[in-house]
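>
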Amino acid sequence: MPLLHKIAGVVIVCAVILGLTLPGERRAREKAPTAERAGNTSGTADAATAAKASGTPAPGGSGTPSASATPTGPIPAAAPAAAAAKANELGQVPVLMYHRIVKKPEMSLDRSSKELYDELTRLAKGGYCPITAGEFAGGRFNVPAGKHPVVLTFDDSTPGHFALDASGRPQPDTAVAIIQRVAQENPGFRPTATFFLNKELFGLEDGPAGAGLKWLVQQGFELGNHTMTHPDLAGMSEQKVHEEIGGMEDRIVQLTGAHTATLAYPFGSVPRKEKWARGDGARYSFQGIFLAGWRPSPSPFAEEFDRWNIDRVRSEGKIKENDCTKYCSTAWLEYLDKNPDERYTSDGDPNTVTFPKTAEDRLDGTYRARARTY
Numbered sequence: 001m002p003l004l005h006k007i008a009g010v011v012i013v014c015a016v017i018l019g020l021t022l023p024g025e026r027r028a029r030e031k032a033p034t035a036e037r038a039g040n041t042s043g044t045a046d047a048a049t050a051a052k053a054s055g056t057p058a059p060g061g062s063g064t065p066s067a068s069a070t071p072t073g074p075i076p077a078a079a080p081a082a083a084a085a086k087a088n089e090l091g092q093v094p095v096l097m098y099h100r101i102v103k104k105p106e107m108s109l110d111r112s113s114k115e116l117y118d119e120l121t122r123l124a125k126g127g128y129c130p131i132t133a134g135e136f137a138g139g140r141f142n143v144p145a146g147k148h149p150v151v152l153t154f155d156d157s158t159p160g161h162f163a164l165d166a167s168g169r170p171q172p173d174t175a176v177a178i179i180q181r182v183a184q185e186n187p188g189f190r191p192t193a194t195f196f197l198n199k200e201l202f203g204l205e206d207g208p209a210g211a212g213l214k215w216l217v218q219q220g221f222e223l224g225n226h227t228m229t230h231p232d233l234a235g236m237s238e239q240k241v242h243e244e245i246g247g248m249e250d251r252i253v254q255l256t257g258a259h260t261a262t263l264a265y266p267f268g269s270v271p272r273k274e275k276w277a278r279g280d281g282a283r284y285s286f287q288g289i290f291l292a293g294w295r296p297s298p299s300p301f302a303e304e305f306d307r308w309n310i311d312r313v314r315s316e317g318k319i320k321e322n323d324c325t326k327y328c329s330t331a332w333l334e335y336l337d338k339n340p341d342e343r344y345t346s347d348g349d350p351n352t353v354t355f356p357k358t359a360e361d362r363l364d365g366t367y368r369a370r371a372r373t374y
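Residues 1 to 374 in UniProt numbering are what the sequence shown lists, from first letter to last.
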């Protein structure tokens with residue numbers, strides 16, 4: 001083999017090794033490893049890009065200031081309360097990914113009702129405040145000063161996520177009932193989550209399914225798109241991708257009268273052309289897309305944030321499977337507890353983006369007008 005070919009091979013191997021991201025390392029973002037079965041009004045990629053350039057909010061977008069209107073002078077000082085709270089709104093945000101919630105786990109991605117209760121209680125005691133996937137993707141959320149946003153996502157719309165009893169209340173041990181219970185026990189813990197839906201819709205027939213979806217929205221939960229049949233989109237044609245995503249969107253709109261804001265890729269698998277998933281005319285048009293993921297997401301105000309490839313973290317203990325000892329929720333939450341300077345901490349003001357001066361180089365320039373430092 002020619003010497004230059006050998007050298008090229010060594011360079012590629014080194015690049016791959018250096019690209020592996022361990023907890024807390026801030027390297028260039030790559031596509032995360034996919035789980036076995038992964039799991040939201042919205043602007044298209046083109047609309048969002050145009051809005052960013054012009055300063056005009058895209059449909060469902062965050063209305064970020066235009067680059068041309070961005071101040072170039074020193075960033076103003078943060079409010080004393082924000083500095084006292086050690087706000088860092090360029091820090092990492094855990095987007096937790098759940099699948100089946102059952103009394104006794106049978107599959108690798110299952111979590112028991114008790115495990116979900118324990119993890120949510122841990123989040124509440126740790127100062128986390130749930131927000132929806134759509135709020136996060138659009139950078140539009142309000143979390144109290146000193147608290148940390150967390151996004152709870154549930155894939156595949158299985159019966160253990162949601163069901164109502166004869167009196168119209170959530171069935172005990174379902175995800176919705178557990179979320180509401182933790183919120184009642186921990187004032188300030190917002191009872192919300194995003195459910196990425198497949199056609200089964202919690203195992204309900206169309207009539208009950210429509211009533212159930214409307215109940216969820218009325219109670220502050222969010223609905224997202226997860227395709228009709230949960231296929232691997234990577235090997236599908238443009239038409240098939242549109243059918244899978246559009247078919248699910250059609251059904252949700254038929255049952256609720258409203259579109260979803262975000263999509264979660266089944267298996268975390270990206271189509272051959274990402275634009276096929278982002279929008280299809282008036283049929284669907286997303287604000288953000290979520291991967292299957294193995295790491296917290298960058299802040300939506302950080303330069304490295306990519307709304308079309310948002311990282312998630314599998315909910316799991318520190319087990320060997322899929323390297324959960326480093327990359328699943330228990331390990332990551334422990335890491336962020338031990339390294340609070342790397343975690344997103346709110347300044348309590350949704351109109352400003354506060355962070356330490358040392359983090360200024362990570363700010364997305366379109367948010368500079370809202371930036372504050374200390």
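All C-beta atoms in this analysis are idealised placements derived from N, C-alpha and C, irrespective of residue type, glycine included.
Determine the closest residue to H242 out of G146, G365 and G281, with distance taken between C-alpha atoms.
To locate residue 242, count along the sequence shown from 1; it is residue 242. Here the closest residue by C-alpha is G281.
> Using 8 Å as the threshold, is the region 80-88 in touch with the region 315-322, meaning 3 or more CB pairs across them?
With a cut-off of 8 Å, the region 315-322 and the region 80-88 do not count as touching, because too few Cβ pairs lie within range.
> With a 10 Å radius around its C-beta and 16 neighbouring C-beta atoms as the bar for buried, classify D311 as buried or exposed.
Residue mapping note: residue 311 aligns to position 311 of the sequence shown, counting from 1. D311 is buried by the Cβ-count criterion.
> Going by alpha carbons, who is nearest to P271 out of L263, A292, M236 and S285?
The residue labelled residue 271 in the question sits at position 271 within the sequence shown. The shortest Cα separation from P271 among L263, A292, M236 and S285 belongs to M236.
> Contact defined as beta carbons within less than 8 Å: I believe N88 pairs with P350. What is the distance between those atoms, to the nearest angstrom?
Along the sequence shown, one-based indexing puts residue 88 at 88. Along the sequence shown, one-based indexing puts residue 350 at 350. Contact flag wrong, Cβ pair sits at about 16 Å.
> What residue range is occupied by the uninterrupted beta strand (DSSP E) comprising A264?
Numbered from 1 along the sequence shown, position 264 holds the residue referred to as residue 264. Per DSSP, A264 belongs to the beta strand (DSSP E) from T262 to A264.
> Can you tell me where the beta strand (DSSP E) with Y128 in it begins and where it stops?
The residue you call residue 128 lines up with position 128 of the sequence shown. Where Y128 is concerned, the enclosing beta strand (DSSP E) stretches over Y128 to I131.
> Does DSSP put P208 in a helix, in a strand, or in coil?
Numbered from 1 along the sequence shown, position 208 holds the residue referred to as residue 208. Correct three-state label for P208: helix.
> Would you tell me roughly how many angstroms separate the C-alpha atoms of D337 and I289, rounded to the nearest one?
By 1-based counting over the sequence shown, the position of residue 337 is 337. By 1-based counting over the sequence shown, the position of residue 289 is 289. If you take the alpha carbons of D337 and I289, they lie about 27 Å apart.
> Which residues does DSSP list as the beta-bridge partners of V93?
Taking the sequence shown and counting its residues from 1, the one referred to as residue 93 is at position 93. Answer is S297, bridged to V93.
> Are T194 and G220 closer than 8 Å when you measure CB to CB?
Walking along the sequence shown from the start, residue 194 turns up at place 194. Walking along the sequence shown from the start, residue 220 turns up at place 220. For T194 and G220, no; Cβs fall outside 8 Å.
> For K147 and N339, I'd like the C-alpha separation in whole angstroms.
Along the sequence shown, read from residue 1 onward, the residue named residue 147 stands at position 147. Along the sequence shown, read from residue 1 onward, the residue named residue 339 stands at position 339. When rounded, the distance between both Cα atoms is 15 Å.
> So for S42, helix, strand or coil by DSSP?
Translated into positions along the sequence shown, residue 42 becomes position 42. Caution applies to S42, whose pLDDT of 36 falls short of 50 and renders its modelled position unreliable; the model cannot decide the point.
> Could you check what DSSP says for F196 in three-state terms: helix, strand or coil?
Against the sequence shown, residue 196 aligns to sequence position 196. Here F196 sits in strand by DSSP.
> With distances taken from CA atoms, which of D173, I179 and F154 is nearest T121?
Taking the first residue of the sequence shown as position 1, residue 121 is located at position 121. Checked all of D173, I179 and F154; the closest Cα to T121 is I179.
> Quick check on this structure: which residue in Y265, A371 and R370 has the alpha carbon closest to the alpha carbon of M97?
Position 97 of the sequence shown, counting from 1, holds the residue named residue 97. Among Y265, A371 and R370, the Cα nearest to that of M97 belongs to Y265.
> Count the C-beta pairs between the region 251-269 and the region 225-239 that are closer than 8 Å, then say yes if the count reaches three, no if not.
Touching, per the Cβ criterion.
> So for L363, helix, strand or coil by DSSP?
Here residue 363 is taken as the residue at index 363 of the sequence shown, counted from 1. In this structure, L363 counts as strand in the three-state DSSP scheme.
> Under a three-way DSSP split, which group does S315 fall into?
Start at 1 with the first residue of the sequence shown, and residue 315 comes out as number 315. Three-state result, S315: coil.
> Over the uninterrupted alpha helix (DSSP H) stretch that includes A258, give me the two end residues.
The residue you call residue 258 lines up with position 258 of the sequence shown. A258 -> no alpha helix (DSSP H), and no H or E assigned at all.
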